[in-house]
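Just so you know, the sequences run in chain order A and V.
Take 289 as the starting number for the first sequence in the working numbering and just add one per residue.
Take 12 as the starting number for the second sequence in the working numbering and just add one per residue.
Don't be surprised by glycine CBs; every beta carbon is placed ideally from N, CA and C.
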Amino acid sequence: EVQLVESGGGLAQPGGSLRLSCVVSGFTFSDHYMDWVRQAPGKGLEWVGRSRNKANSYTTEYPASVKGRFTISRDDSKNSLYLQMNSLKTEDTAVYYCARDRVGAPAFDMWGQGTMVTVSS
Amino acid sequence: DIQLTQSPSFLSASVGDRVTITCRASQGISTYLAWYQQKPGKAPKVLIYAASTLQSGVPSRFSGSGSGTEFTLTINSLQPEDFATYFCQQLNSYPVTFGGGTKVEIK
């Protein structure tokens, strides 16, 4: 069974940092691109970034809203994806999901249950 | 950035109805479009990818069509479990973007 389990959410102060983890099982993690997506309370979905796979040198992509503040990394030996969030802002408050990219035609075909991040003083 | 505009943002329908949701892209995205269903407190679930390909395990009452800038998600014979929020997503170029969502509620 494919599983993605996020952890590391919680309360952080503006300007602070937090590191989220996503541990996966049930598939060959190293084959897949992986993404982070967030959803502010009562709002829509916002893509936070992508980690390509080893075959594509683990390169990353970010939207302007988080570029320079957030960093995605992965450890294929631990089947784990990470999101390091620095210089947090109140508008970063959201549920953060990790998601798996399909191999082939793109889409996010598996998602974790999400972890809540609250940025507040 | 490519903007995705979904319409309507809200619709009220009855069990058995046929429902159509539209997603318009601000520029051409070929068929790099996916549709997701999200229920309260749950992660999104992919329904359709490549604009018209049904994800494995998704009921055949869901279908997608379109290319370029205009796309539709159709639900034939709406079932009680289909009341949810639906999002489109473009994966043609970075940043990946989502539509604002369409909430389907029971009439």
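*Measuring only between beta-carbons, confirm whether V/Gly79 sits less than 8 angstroms from chain A.*
Not closer than 8 angstroms to any Cβ of chain A, the Cβ of V/Gly79 fails to qualify, so no.
*Does any C-beta atom of chain A lie closer than 8 angstroms to the C-beta of V/Val57?*
Chain A, which has a Cβ nearer than 8 angstroms to the Cβ of V/Val57, makes this yes.
*asked:* With distance defined between alpha-carbon atoms, name the residue in V/Cys34, V/Thr64 and V/Ile32 nearest to A/Gly392.
replied: Among V/Cys34, V/Thr64 and V/Ile32, the Cα nearest to that of A/Gly392 is on V/Thr64.
*Could you tell me whether the Cβ atoms of A/Thr489 and A/Ser353 are closer together than 8 angstroms?*
Residue 489 of chain A falls outside the range modelled here, since chain A spans only 289 to 409, and no answer is possible.
*Could you check what DSSP says for A/Glu349 in three-state terms: helix, strand or coil?*
A/Glu349 falls in the strand class under three-state DSSP.
*Compare the C-beta of A/Glu349 against all C-beta atoms of chain V and say whether one is closer than 8 angstroms.*
Yes, contact with chain V.
_Please give the ranges of any beta strand (DSSP E) in the segment 18 to 105 of chain V, keeping only runs that are unbroken, at least 3 residues long and fully inside the region._
Uninterrupted beta strand (DSSP E) stretches at least 3 residues long and entirely within the segment 18 to 105 of chain V occur at 21 to 24, 30 to 36, 44 to 49, 56 to 60, 73 to 78, 81 to 86 and 96 to 101, given in chain order.
*According to DSSP, is A/Phe315 helix, strand or coil?*
It is coil, neither helix nor strand.
*When DSSP labels each residue in this structure, what does A/Thr359 get in the three-state scheme?*
Residue state for A/Thr359 is assigned as strand, using DSSP reduced to three classes.
_V/Leu102: contacting residues in chain A (beta-carbon distance under 8 angstroms)_ = Within chain A, the residues placing a beta-carbon under 8 angstroms from that of V/Leu102 are Pro394 and Ala395, ordered along the chain.
_Run through the DSSP bridge pairs and tell me what A/Gln372 is partnered with._
Answer by DSSP bridge pairing, in chain order: A/Arg307 and A/Thr359.
*Going by DSSP, what residues sit across from A/Ser339 in a beta bridge?*
Paired residues: A/Met322 and A/Thr348.
*Could you tell me whether the segment 78 to 91 of chain V touches the segment 32 to 39 of chain V, using the rule of 3 or more Cβ pairs below 8 angstroms?*
Yes: the two stretches touch, three or more of their Cβ pairs being nearer than 8 angstroms.
*For A/Glu289, does the three-state DSSP call read helix, strand or coil?*
Three-state DSSP puts A/Glu289 in coil, outside helix and strand.
*the segment 18 to 34 of chain V: which residues have C-beta closer than 8 angstroms to a C-beta of chain A, in chain order?*
Taking 8 angstroms as the cut-off between beta carbons, none of the residues of the segment 18 to 34 of chain V comes near chain A.
_Test item: CB-CB of V/Ala100 and V/Ile40 under 8 angstroms_ = Looking at the sequence itself, residue 100 of chain V is Gln, so the reference to Ala does not match. No. Outside cutoff.
*Can you pull the chain A residues whose beta carbon is under 8 angstroms from the beta carbon of V/Pro91, in chain order?*
Listed by position along chain A, the residues whose Cβ is nearer than 8 angstroms to that of V/Pro91 form an empty set, because the closest Cβ is around 23 angstroms away.
*What number of angstroms, rounded off, separates the C-alpha of V/Phe73 from the C-alpha of V/Gly111?*
Roughly 20 angstroms between the two C-alpha positions.
*Three-state secondary structure (DSSP) at A/Ser365?*
In the structure shown, the three-state DSSP call for A/Ser365 is helix.
*Hey, is the segment 306 to 313 of chain A in contact with the segment 18 to 30 of chain V, meaning 3+ C-beta pairs nearer than 8 angstroms?*
The segment 306 to 313 of chain A is not in contact with the segment 18 to 30 of chain V.
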